[in-house]
Each structure stands twice: as C-alpha cells, then as structure tokens.
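Participant: full-length UniProt numbering puts the sequence shown at residues 1 to 337. Virtual Cβ for every residue (Gly too), placed ideally from N, Cα, C. Quick one: the structure is below, questions incoming.
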Amino acid sequence: MPSDTLQIKLSQDSLFFPLPFTNATIDNVVQVKNMLPVVQGDPKANVISFKILSRVQNRYSVHPPVGFIGAGEHATIIFSFNPEHVKMAKNPEERELPTEATKDAIHVDFAVVDAQSVQTALAHWVPGSKETKTSREVVADASRFWKQRGQVKKNSPTTMRYKLRCVFATRNNVPDSLVMCMKEEGGCCKPIADGAAPLPRTRPPVTSSTQPQNTAPPEAPPHRYSESQRTTPTTRSPRSDACYTPCATGPPRIFTTGPGAAAAASAPSASPPSSAPTQKSRTSAGSTCGDITLKSIAEQVMNYKLSYRAVGVLLFLTLLCGLRDQSNLLTWLIAKQ
C-alpha cells in the first residue's frame, strides 16, 4: 500500500563553491533518493516530486528544476554557478560576486504524488527510466502538479522542505561528502553511475583541456627547445652553407653527459630520421668548399640584396647613360647626312 509518510535522503546538505572564482563553471552534483518502499504491481505508487526554490535565481542554475523520483530510486540534481554569467547580469546590483560572508540558501520542496494526481501528473513519467535528462513533458507535468499542490505546509507527513546552504570558502575546505565539478566553457562533467553510493566522494575537477578518463599526470613535462635548436636547414642561406660548413666530412659525434655517456659512446653512431637532411646538406656543401665555381658566384650575386638608395643611384646613372647614348646617335645621324 502507498505510504503516508515522506522519506528521502540527500547525498549532501550544502553546496560548496571554492574561492577565488575563475572563468570556470562550478557544478555541485546532489543525489536525492526516495526511501519509500516499492509497491508490487503498482510502479507509480509512492512517487515523490521535487521542486527547487531560491531567492537569488540570477546566481544559480538548476538541472532539472522539477521532476519525479520513483519508489526506491534516486535522481541527480546539478546546481551550477557561473561567475561570468553573474557579471553580465542586467541589474547592476546582481553583478556582485559572492564572498565568504554570503549566506545564500537553496530550498528543495518534496511532496508525495497522491492517488488523485497520479494519472495526470505521471502521464509521461516512465518508472525505472535510466535517462540522465528529464524530458520537457515530464518537467511540464511536474510544474502543473506543483501549481495545483501549492506551497509546502509545515508538519505535513507527505510534504517536506529541505535547505541546502551555499558555502563560499577556499579550496582547502572542501567537504569529503561533496561531489563537485569545475568545467570550462563548452565542457561537461562526468556523469554519476546509476549504482553510486548514497554518499559519493569528491571527484577531481574536469576541464576542456583534461581527459575525464585519465586523471594521471603526464610522464614528463613538454620539452622546450632553445633558439639554436629551433633553427632548421631551410632557414639557412646558400652562402652560409657554402662558407661556414666544415670541409672535412665524417661520422657525426655524440656528446652526452651523465650515467649514459659511456653507453652512448660505445654504441654505433646513428641519427634520427629528422636529422638526415641536415647531414646531407652539410656533406654536399663541404665537397664544394675547396673550389669556388661560377655557379656559386652567380648565386651569391643574384641573392645579394641592395638597398633602395643604391637602386635609385643605379637607375639615375642608367638614365644618364641613356641620354648620352641618344646624343651620340643623333650626332652620328646628322654627320652621315
């Protein structure tokens, strides 16, 4: 038979938001379990409906704001706080971010769905559904149920109001029974398994830059190359390759320090594939270092860059030479006639 006394259990009694704030969205994941017994043959009996209330709705967002919980089942409610959205509020008074002295609270109302409201309130609700997101039809049915039900009355066996305190403190004061997630814009939190414990432990923060499946640190930090190591053979000029490359060619040496120096010296010299073009260019340049050919001189002359002033002087001299040749040509034509 349906129970007349409301029985619920929450995974935590407060919402924690670490300070100082960043541009990340802070999610507090709360599990609500319906402790009423399951009625055999009537899966819609002892169903509880919940509704989230807050006086500072501009600061927090809740998913889902209303819904139903079947007998012996649990629902996951996510309370989110986005500092960037608070700063962009239309009302200037609502743009102020909370501090340690802020005493916000979010209330959760619970009520048992009575037998008269089962057909209309639970028309779209499916018992034992494993969907993580509540459908719009179920949210609309729950909203209509609460509109007909009215406010929660004190000392009522079928209704209850639960208060969740909002705690703003440093990250060192995170409670052990808290399930919190910090995500960047566009990221998502790791969902809770269906068979989670009544009091889940704290999970590590998850962002757009880390992998939720692998929380282990990297084996080694990324290597930073110096300016000399960043230089590649393609950035050299033909002149530097021809004149500054040693003429003697031979196997490259390996210079190492530390415990592996002896092993590196005794091992045969080998270079990675990426260094092959460098050695090839050095060998070809070294073979032409002894003699200077016309081709190398032509390349140096053609690749030589002149300043704009020198180019202007050369153009002016070319113009004078042209005028002088033109006068000689006119003189030659007149004398011939």
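Whose C-alpha, out of A123, D42, I69, F168, is nearest the C-alpha of L15?
Facilitator: If we check each option's Cα against that of L15, F168 comes out closest.
Participant: Please determine if the region 92-108 and the region 38-47 are in contact, where contact requires at least 3 C-beta pairs separated by less than 8 Å.
Facilitator: No, because fewer than three Cβ pairs between the region 92-108 and the region 38-47 fall closer than 8 Å, the two stretches do not touch.
Participant: Measuring CB atoms only, is the region 152-167 touching the region 102-112, in the sense that at least three cross pairs come out at less than 8 Å?
Facilitator: Output reads yes: the region 102-112 touches the region 152-167.
Participant: Look at the alpha carbon of T76 and the alpha carbon of D13, and state the distance between them as a whole number of angstroms.
Facilitator: Near 14 Å, if we compare the C-alpha coordinates of D13 and T76.
Participant: Can you give me the C-alpha to C-alpha distance between D42 and V118, rounded to a whole angstrom?
Facilitator: Going from the Cα of D42 to the Cα of V118 covers about 11 Å.
Participant: Grouping DSSP H, G and I as helix and E and B as strand, with all else coil, what is P205?
Facilitator: For P205, the predicted model reports a pLDDT of 39, less than 50, meaning its position is unreliable and no value from the coordinates is stated.
Participant: DSSP has Y162 in a bridge; who is on the other side?
Facilitator: Beta-bridge pairing links Y162 to V108.
Participant: Going by C-alpha distance, which of G322, L315, K130 is nearest F68?
Facilitator: Nearest of G322, L315, K130 to F68, Cα basis: K130.
Participant: Assuming W125 contacts V138 (C-beta within less than 8 Å), just tell me the rounded distance between them.
Facilitator: Confirmed, about 5 Å.
Participant: Identify, in the order they occur along the chain, each residue of the same chain with its Cβ nearer than 6 Å to the Cβ of L122, setting aside the five sequence neighbours on each side.
Facilitator: So the qualifying residues of the chain are K44.
Participant: Just checking: is the beta-carbon of S61 within a distance shorter than 8 Å of some beta-carbon in chain D?
Facilitator: Given the protein chain composition of this structure (a single chain), no chain D is represented.
Participant: What does the alpha-carbon distance come out to for the pair I52 and I78?
Facilitator: Whole-angstrom Cα-Cα distance: 11 Å.
Participant: Please return the same chain residues whose Cβ sits closer than 8 Å to the Cβ of Q7, not counting the five positions on each side in sequence.
Facilitator: Excluding sequence neighbours, Q7 sits near N34, M35, L36.
Participant: Between which two residues does the alpha helix (DSSP H) harbouring F145 extend?
Facilitator: Taken as a continuous stretch (DSSP letters only), the alpha helix (DSSP H) holding F145 covers 136-149.
Participant: How would you label A24, buried or exposed, when you count the other beta carbons within 10 angstroms and need 16 or more for buried?
Facilitator: It is buried - the Cβ of A24 has at least 16 other Cβ atoms within 10 Å.
Participant: Can you give me the C-alpha to C-alpha distance between V32 and I26, rounded to a whole angstrom?
Facilitator: Distance between the alpha carbons of V32 and I26: 19 Å.
Participant: Label residue 412 either buried or exposed according to how many other C-beta atoms from any shown protein chain fall within 10 Å of its C-beta, with 16 as the threshold for buried.
Facilitator: This structure leaves residue 412 out entirely; the chain is present only between 1 and 337.
Participant: What is the rounded straight-line gap between the Cα of A151 and the Cα of K87?
Facilitator: One point to set straight first is that residue 151 is Gln, not Ala, in the sequence displayed. Taking the straight line joining both Cα atoms gives about 32 Å.
Participant: Roughly how many angstroms lie between the CA atoms of Y60 and F81, to the nearest whole one?
Facilitator: Cα to Cα, the separation comes out at about 5 Å.
Participant: Do the CB positions of P127 and T5 come within less than 8 Å of each other?
Facilitator: No, Cβ-Cβ distance for P127 and T5 is not below 8 Å.
Participant: Please state whether the Cβ-Cβ distance between V38 and G72 is less than 8 Å.
Facilitator: In this structure, G72 lies closer than 8 Å to V38 by Cβ.
Participant: On the CB-based measure, 16 or more other CB atoms within 10 Å of its CB, does V30 come out buried or exposed?
Facilitator: It is buried - the Cβ of V30 has at least 16 other Cβ atoms within 10 Å.
Participant: To the nearest angstrom, report how far apart W146 and K9 are at their CA atoms.
Facilitator: Going by the C-alpha atoms only, they are around 21 Å apart.
Participant: With DSSP collapsed to three states, give me the class of T231.
Facilitator: Any answer about T231 is weak, because its pLDDT of 45 lies below 50 and its placement is not dependable; what the coordinates show is given next. In the structure shown, T231 sits in coil (DSSP, three-state: anything other than H, G, I, E or B).
Participant: According to DSSP, what are the bridge partners of K33?
Facilitator: For K33, which the question treats as bridged, DSSP gives the partners K9, H74.
Participant: Would you report the Cα separation of R324 and Y308, rounded to the nearest angstrom?
Facilitator: Between R324 and Y308, the C-alpha separation is close to 25 Å.
Participant: Am I right that R136 and P18 are in contact with their C-beta atoms under 8 Å? What's the rounded C-beta distance?
Facilitator: That pair is no contact at about 33 Å.
Participant: Bridge partners for P18 per DSSP, in chain order?
Facilitator: In the DSSP output, where bridge partners are listed per residue, P18 has A169.
Participant: For R144, which of N155, A89, P65 has the nearest alpha-carbon?
Facilitator: Ranking the options by Cα distance to R144, first place goes to P65.
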